[in-house]
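First residue of the sequence shown: 4, per my numbering; consecutive thereafter.
Backbone N, C-alpha and C fix where the C-beta goes; we use that ideal spot for every residue, glycine too.
Structure, as structure tokens:
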Amino acid sequence: MTAVAFLRPEFVESFPPEMERGVLYVSIPYATCGHLCACGCGQEVVTPLSPGQWTLTYNGENISLCPSIGNWGLPCRSHYWIRDGAVRWGRRYTAREIANNRARDRRDRDCKNNNGSGP
Ligand SMILES: [Zn+2]
């Protein structure tokens, strides 16, 4: 298993049957992004785009997703941000922190550091 440092965007209508490592698939028709977990475990991570879920920023070359990708449901429990295509690792959380984070994520999905539109 090798971690991926960068995810390049690929705009598609629907995801391919087998995703490729290092690619961030973006489906505008389905308002969904998908990629293989950046830790290298090979699990598919699907991030729906909506005001209450993930927000995508495309700068013409690369993509940022907000908030962070927290794969609490996967065995690897990886946690990272995607910023202009670069994978920035967050630290791994304990089970208790994950429970707390989930609650906090629901309350506070602010991306003001990302797009300046926060409160
Ligand atoms: Zn993983």
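- How many Å lie between Ile-72 and Gly-63 at the Cα? Taking the first residue of the sequence shown as 1, we reach residue 72 at position 69. Taking the first residue of the sequence shown as 1, we reach residue 63 at position 60. When rounded, the distance between both Cα atoms is 21 Å.
- Relative to the C-alpha of Pro-12, which residue among Arg-95, His-38, Glu-21, Trp-92 is closest? Translated into positions along the sequence shown, residue 12 becomes position 9. Measuring from the Cα of Pro-12, the nearest candidate turns out to be His-38.
- Best match in Cys-40, Val-49, Cys-44 for proximity to Ala-34 [C-alpha to C-alpha]: Numbered from its first residue, the sequence shown carries residue 34 at position 31. Out of Cys-40, Val-49, Cys-44, the CA that lies nearest to the CA of Ala-34 is found in Val-49.
- Task: Closer than 7 Å by C-beta to Leu-77: which residues in its own chain qualify, once you throw out the five before and the five after it? Chain order, please.
- Result: Residue mapping note: residue 77 aligns to position 74 of the sequence shown, counting from 1. Counting only Cβ-Cβ distances below 7 Å, and skipping sequence neighbours, we find Cys-40, Cys-44, Gln-46.
- Message: Pop quiz: Leu-10 and Val-26 are said to be a contact at Cβ under 8 Å. What is the actual Cβ separation, rounded to whole angstroms?
- Response: As a first step, residue 10 is located in the sequence shown; it is residue number 7 there, counting from the start. As a first step, residue 26 is located in the sequence shown; it is residue number 23 there, counting from the start. Rounded, the Cβ-Cβ distance is 7 Å, consistent with contact.
- Message: Could you check if Gln-56 belongs to the surroundings of ligand 1, using beta carbon to heavy atom distance under 7 Å?
- Response: The residue given as residue 56 occupies position 53 in the sequence shown. Because no heavy atom of ligand 1 lies under 7 Å away, the Cβ of Gln-56 does not count as near it: no.
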